[in-house]
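**Q**
Number of protein chains: 4
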Amino acid sequence: MFSSSIHPRFSDTDALGHINNTVIPVWFLEAREPVLRLFSPSLDVGKAALAVVRIEVDYVAETRFGSDVEVITTVAKLGHSSLQLAQEVWQDGTLTARGLATLVNFDPTERRATAIPDHVRVALAEHMPKPSEE
Amino acid sequence: MFSSSIHPRFSDTDALGHINNTVIPVWFLEAREPVLRLFSPSLDVGKAALAVVRIEVDYVAETRFGSDVEVITTVAKLGHSSLQLAQEVWQDGTLTARGLATLVNFDPTERRATAIPDHVRVALAEHMPKPSEE
Amino acid sequence: MFSSSIHPRFSDTDALGHINNTVIPVWFLEAREPVLRLFSPSLDVGKAALAVVRIEVDYVAETRFGSDVEVITTVAKLGHSSLQLAQEVWQDGTLTARGLATLVNFDPTERRATAIPDHVRVALAEHMPKPSEE
Amino acid sequence: MFSSSIHPRFSDTDALGHINNTVIPVWFLEAREPVLRLFSPSLDVGKAALAVVRIEVDYVAETRFGSDVEVITTVAKLGHSSLQLAQEVWQDGTLTARGLATLVNFDPTERRATAIPDHVRVALAEHMPKPSEE
Chain S
1 MFSSSIHPRF
11 SDTDALGHIN
21 NTVIPVWFLE
31 AREPVLRLFS
41 PSLDVGKAAL
51 AVVRIEVDYV
61 AETRFGSDVE
71 VITTVAKLGH
81 SSLQLAQEVW
91 QDGTLTARGL
101 ATLVNFDPTE
111 RRATAIPDHV
121 RVALAEHMPK
131 PSEE
Chain L
1001 MFSSSIHPRF
1011 SDTDALGHIN
1021 NTVIPVWFLE
1031 AREPVLRLFS
1041 PSLDVGKAAL
1051 AVVRIEVDYV
1061 AETRFGSDVE
1071 VITTVAKLGH
1081 SSLQLAQEVW
1091 QDGTLTARGL
1101 ATLVNFDPTE
1111 RRATAIPDHV
1121 RVALAEHMPK
1131 PSEE
Chain E
2001 MFSSSIHPRF
2011 SDTDALGHIN
2021 NTVIPVWFLE
2031 AREPVLRLFS
2041 PSLDVGKAAL
2051 AVVRIEVDYV
2061 AETRFGSDVE
2071 VITTVAKLGH
2081 SSLQLAQEVW
2091 QDGTLTARGL
2101 ATLVNFDPTE
2111 RRATAIPDHV
2121 RVALAEHMPK
2131 PSEE
Chain G
3001 MFSSSIHPRF
3011 SDTDALGHIN
3021 NTVIPVWFLE
3031 AREPVLRLFS
3041 PSLDVGKAAL
3051 AVVRIEVDYV
3061 AETRFGSDVE
3071 VITTVAKLGH
3081 SSLQLAQEVW
3091 QDGTLTARGL
3101 ATLVNFDPTE
3111 RRATAIPDHV
3121 RVALAEHMPK
3131 PSEE
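Sequence lines, in order, name chains S, L, E and G. Residue numbers for the first sequence follow the working numbering, beginning at 1 and rising by one. Residue numbers for the second sequence follow the working numbering, beginning at 1001 and rising by one. Residue numbers for the third sequence follow the working numbering, beginning at 2001 and rising by one. Residue numbers for the fourth sequence follow the working numbering, beginning at 3001 and rising by one.
1) Can you find the residues in the same chain that come closer than 8 Å, C-beta to C-beta, to Ile-2055 (chain E), ignoring five residues on each side of it along the sequence?
2) Measuring CB atoms only, is the region 1033-1049 of chain L touching the region 3031-3046 of chain G, in the sense that at least three cross pairs come out at less than 8 Å?
3) Can you tell me whether DSSP reads Val-2057 (chain E) as helix, strand or coil?
4) Going by DSSP, which residues form a beta bridge with Val-3120 (chain G)?
5) Report the rounded CA-to-CA distance for Pro-1108 (chain L) versus Ser-1042 (chain L), giving the unit in angstroms.
6) How is the beta strand (DSSP E) around Phe-28 (chain S) delimited, first residue to last?
7) Hey, quick one: how far does the beta strand (DSSP E) through Lys-3077 (chain G) stretch, first residue to last?
8) Taking only beta-carbon atoms, is Gly-3099 (chain G) less than 7 Å away from chain S?
9) The beta strand (DSSP E) with Ser-1005 (chain L) in it runs from where to where?
10) What separation, rounded to the nearest whole angstrom, lies between the Cα atoms of Ile-2072 (chain E) and Ile-2006 (chain E)?
11) Name the DSSP beta bridge partners of Gly-3099 (chain G), please?
12) Any beta carbon of chain L sitting closer than 7 Å to that of Glu-2062 (chain E)?
13) For a contact meaning CB atoms closer than 8 Å, what does Phe-2 (chain S) contact in chain G?
14) Which residue from E:Leu-2085, E:Ala-2048, E:Leu-2016 and E:Gln-2091 puts its Cα closest to that of Pro-2129 (chain E)?
15) Quick check: the Cα distance between Thr-3074 (chain G) and Ser-3003 (chain G), rounded to an integer number of angstroms?
16) Should Thr-13 (chain S) be flagged as near chain E, meaning a C-beta pair shorter than 7 Å?
17) My output table needs one value for Asp-2012 (chain E): the three-state DSSP class, helix, strand or coil.
18) Would Phe-3106 (chain G) and Ala-3015 (chain G) be called neighbours here (beta carbons separated by less than 7 Å)?
19) Could you check whether the Cβ of Val-1052 (chain L) sits closer than 7 Å to any Cβ belonging to chain S?
20) Taking Glu-1088 (chain L) as the query, report the chain S residues whose CB atoms sit under 7 Å from its CB, ordered along the chain.
21) Using a beta-carbon distance below 7 Å, is Glu-3033 (chain G) in contact with chain E?
22) Identify, in the order they occur along the chain, each residue of the same chain with its Cβ nearer than 7 Å to the Cβ of Asn-3021 (chain G), setting aside the five sequence neighbours on each side.
23) State yes or no: is the C-beta of Val-2104 (chain E) within less than 7 Å of the C-beta of Val-2069 (chain E)?
24) Where DSSP assigns a beta bridge to Phe-2106 (chain E), which residues make up the other side?
25) Val-2122 (chain E): buried (16+ other C-beta within 10 angstroms of its C-beta) or exposed?
26) Around the Cβ of Glu-3110 (chain G), are there at least 16 other Cβ atoms within 10 angstroms (buried) or fewer (exposed)?
27) So, are the CB atoms of His-2080 (chain E) and Met-2001 (chain E) less than 7 Å apart?
28) Please confirm if Asp-58 (chain S) has its CB atom under 7 Å from at least one CB of chain L.
29) Whole angstroms are fine: how far does the CA of Asp-2044 (chain E) sit from the CA of Thr-2114 (chain E)?
30) Round the Cβ separation of Thr-94 (chain S) and Ala-61 (chain S) to the nearest angstrom and send it over; I've been treating them as touching at under 8 Å.
31) Roughly how far, in whole angstroms, is the beta-carbon of Thr-63 (chain S) from the beta-carbon of Ala-97 (chain S), given that I think they are within contact range, below 8 Å?
32) Considering only DSSP beta bridges, list what Ser-2082 (chain E) is partnered with.
33) Leu-2029 (chain E) versus chain L: which residues are under 9 Å apart at the beta carbon?
34) Mind checking who Thr-2094 (chain E) pairs with in its DSSP beta bridge?
35) To the nearest angstrom, how far is it from the Cα of Lys-2077 (chain E) to the Cα of Leu-2083 (chain E)?
36) Measuring only the C-alpha atoms, how far is Gln-1087 (chain L) from Pro-2131 (chain E)?
Structure, rendered in structure tokens:
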């Protein structure tokens, strides 16, 4: 499980008075950074990149300005060159959004999908929910 | 079918050189504006709002800076108080992203879901794909 | 004079009900695109870039969602490798923001400022306000 | 002196490989939040708001993705209903941007500028640079 604390920006709000729905995918992207660091510790986008193939977001409750959110990220599936991450936004004890992101390990030089290296796979597997957590 | 022409902003790009994946939901939101106008011609958010309940986005190809995109929006499902919109991003003849948004007609005063008015339902039905289009 | 029509996005609003002040620099950047095209017609950021050295923005009136804005850009100063652009946001006949951007012609390969090419200088000079306009 | 630690988002980068210049005003806005809290501890935008009248930003060096930034905010001037804040972005020991924001204490109910309350003025004065710091 990865956990990221994110500070909502006033510019993340909209005229309805809450965090705009398009900001949640931005926070989910930010919260996937520790996953990207497993592939490239220096976050060098010239060497490694996780291409986003698909996202799903369920908006469960309004997210407000003025209180930090916690984004929880777990590895839901682990394929040959792709992986699926489950993500949740929590604010003041309330789940406000849930997401699923399908990513592909992308080689920026060859410009194609490439196998997830073994040492990364091992590290990712530690972030899969354990049977007792399900 | 609703069609919106959108001009990618340089600030929409990221260090990988293309439009960042989090921008596509922003464009989809922008392209839903004609739908919102059916509910509130003056776009008065104090009187009508479409709450986003769920989005899905499939990233099919890279979207580039330097060329306008066309976002096509059709009504996929029409419920009592909710509707589902199918959306596509096209750039230079290529489909680059596909999305599905589930919205609820939200009464800002009562702060709850409310039935889609009949005249809006009739207008929305005209934007459902015809059998021959499927 | 360059003129760009920009469609405010709902995600550009904030909880105060208007366009967030941080969006104006984004629109000004978008409206500088025709200037960038004079340097690089294909907008190839690997070949030419205008590095932003300084911006100033005066917020004159609230900018609203629901009505397009017109951004007017003129060349205020033309130096050896730098230029200054004056920009204005107009909405429904009202000036809502005024800006000044100082840019440097940046060579992405050499990674340093470089002289504005003569043919670009001639083209830019046509966008300086004429004495009678001042 | 107020100090805010901000985590650059990958979506804050642009195709030139660094943080896009339009993101700096967003960070400066985020870093002014402790100032807003002096006016409204609960950040209730219906009760208090700081309207931005003018911003200036000098871009001193490139800001990168992959390393947190520190935004330093001091009170440069204190008027009857307005104040001016000086702000700086620091990353890995390097000053990358400098800004100046002129704000007006805005009464959302009356919709006009209003005097800065005495207790807020006292609190703000503590964040002015001392003679020895100048």
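No residue lacks a Cβ here, since even glycine has one placed at the ideal position from N, Cα and C. As the structure is a computational prediction, the values presented were derived from the model and not from experiment.
**A** From the atom records:
1) Pro-2025, Phe-2028, Gly-2099, Leu-2100, Ala-2101 and Thr-2102
2) no
3) strand
4) BP columns for Val-3120 (chain G) are empty, so no partner.
5) 15 Å
6) Unbroken run through Phe-28 (chain S) is the alpha helix (DSSP H), 23-31; no beta strand (DSSP E).
7) 3069-3078
8) no
9) 1002-1006
10) 11 Å
11) G:Val-3057 and G:Gln-3087
12) no
13) Residues of chain G passing the Cβ test: none, with the nearest at roughly 14 Å.
14) E:Leu-2085
15) 9 Å
16) yes
17) helix
18) no
19) yes
20) Within 7 Å Cβ-Cβ: nothing; Glu-1088 (chain L) doesn't reach chain S, min ~15 Å.
21) no
22) Tyr-3059
23) no
24) E:Ala-2049 and E:Ala-2113
25) exposed
26) exposed
27) no
28) yes
29) 17 Å
30) 6 Å
31) 7 Å
32) E:Val-2104
33) Arg-1009, Phe-1010 and Ser-1011
34) E:Gln-2091
35) 5 Å
36) 49 Å
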